[in-house]
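Under my numbering, the first residue of the sequence shown is numbered 78, with each subsequent residue one higher. Just so you know, even glycine gets a beta-carbon here, dropped at the ideal spot from N, CA and C.
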Amino acid sequence: MLPERKRRDVKLRKKKTLLKKIIKKTRRKKLVLKRLFSKRIVLLASLLVAAFAIGGGLIAYFTDTETSNLNKLDAATFDLKLDGQDDPNVPVYINVADVVPGSNNLSSPATVNVQNVGTVAGAAYLEIVNVVNAPGTTPDNEPTPDNGELGNATTLTVKDGATVIATGTVNSLPGTSYELGAIAASGSKALTVTYEVPTSAGNEINDDSVTFGVRVTLNQIP
78 MLPERKRRDV KLRKKKTLLK KIIKKTRRKK LVLKRLFSKR IVLLASLLVA AFAIGGGLIA
138 YFTDTETSNL NKLDAATFDL KLDGQDDPNV PVYINVADVV PGSNNLSSPA TVNVQNVGTV
198 AGAAYLEIVN VVNAPGTTPD NEPTPDNGEL GNATTLTVKD GATVIATGTV NSLPGTSYEL
258 GAIAASGSKA LTVTYEVPTS AGNEINDDSV TFGVRVTLNQ IP
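Have a look at this one:
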């Protein structure tokens, strides 16, 4: 029989040999697992690359585009006429000679047709402008100084139907803008203009004259 010490040495060597075998097997298993894991990573990467290539590198959805061409803006026309005319061809509405105290045109008023021939509505306004009084010759029976008093003696009235738009002496009306109201596109208003020299006027109007303008403005309605 082997001595006790030798038996222990033999057992120890056997254990070391067995441990080396176990370590060797463990290393082989780790190497196999590592290689397998590497192969799986490569396979997964290949699949991702293939999917990316098929999808064009983007997540795509259906799209459709339509275009509306030939869009256009046409400016409106905005045009006021008096009896179908523009400056300088607007008619003279009152032109009376030999005016005397008591003269008037109340029975046959002058008519001013205010026409919006444009394509949008407008608000109309009337003014009496450019009033000029002239004394003419001064007879011996006319008081002096003779400054031309007919404009201060004559009453001028503008109506829209029965509605009085403006009334007063010719000299007093300038400087005010009188509202005529809205006029639709292609619409119109017929104004009447009358004058009246009172019977109380005396020799001070002898050979005098007065001229004035009737101005109508059409403004676009915002």
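Rounded straight-line distance, which links the Cα of residue j to that of residue i
i, j, result
"Leu203", "Glu226", "24 Å"
"Ala152", "Lys266", "25 Å"
"Thr215", "Asp237", "38 Å"
"Gln297", "Ala261", "10 Å"
"Glu281", "Asn224", "9 Å"
"Asn207", "Thr288", "8 Å"
"Gln192", "Gly279", "39 Å"
"Ala187", "Ala201", "19 Å"
"Ala243", "Lys158", "20 Å"
Residue span of the alpha helix (DSSP H) that contains residue i, given as start and end
i, result
"Ala230", "Leu227 to Ala230"
Assigned exposure category for residue i - 16 Cβ within 10 Å defines buried
i, result
"Gly228", "buried"
"Val235", "buried"
"Ala239", "exposed"
"Tyr272", "buried"
"Asp141", "exposed"
"Val247", "buried"
"Pro178", "exposed"
First and last residue of the uninterrupted beta strand (DSSP E) at residue i
i, result
"Gln162", "Careful: Gln162 lies outside any beta strand (DSSP E) and carries neither H nor E."
"Thr240", "Thr240 to Thr246"
"Thr144", "Unbroken run through Thr144: none, as it is neither H nor E."
"Lys266", "Ser265 to Glu273"
"Glu281", "From DSSP, Glu281 is part of no beta strand (DSSP E); its letter is neither H nor E."
"Tyr255", "Tyr255 to Ile260"
Residue i vs residue j beta-carbon contact at 8 Å
i, j, result
"Leu250", "Leu268", "no"
"Val176", "Val270", "no"
"Ala230", "Val169", "no"
Next item on the list: Quick one: which unbroken beta strand (DSSP E) runs of 3-plus residues sit fully inside the segment 191 to 215? Chain order, please.
Entry: Complete beta strand (DSSP E) runs here, min 3: 199 to 211.
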